[in-house]
Amino acid sequence: DDYLLFSESQSRFVVTVRPEHRGAFEELMEGVPFSRIGVVREGRTFGVIGLEGRKVIEADIFRLKEVWQRPLRF
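Using our numbering, count along the sequence shown one by one with no gaps and you end on 367.
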């Protein structure tokens with residue numbers, strides 16, 4: 294499941310589409326490969342479920358931001 298989190302292949306975009314606009318978005322994307330990979334929920338938790346249904350990560354979004362902004366320690 295690590296490639297779900299760390300894939301660096303080109304031409305990928307993550308977009309957020311309101312549920313009421315899903316049909317229009319899917320029509321717009323006709324002929325272009327795309328996948329629904331998650332949902333936005335209320336709360337402070339970011340989570341990823343792997344291909345076999347196992348939880349890959351679940352963490353507080355503010356903690357993730359803090360770690361992301363911190364310089365690397367070599």
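Virtual Cβ for every residue (Gly too), placed ideally from N, Cα, C. In this text the structure is predicted, and so the values were computed from the model without any measurement.
Check the Cα spacing between Ser328 and each of Glu319, Glu335, Arg334 and Ala352: the tightest is with Glu319.
Counting along the chain, Gly316 sits inside no beta strand (DSSP E); it lies in the alpha helix (DSSP H) bounded by residues Arg315 to Leu321.
Per DSSP, the beta-bridge partners of Gly340 are Glu351. For Gln362, the three-state secondary structure derived from DSSP is helix. With distances taken between CA atoms, Leu298 lies nearest to Val341 out of Val341, Gln362, Lys358 and Val325.
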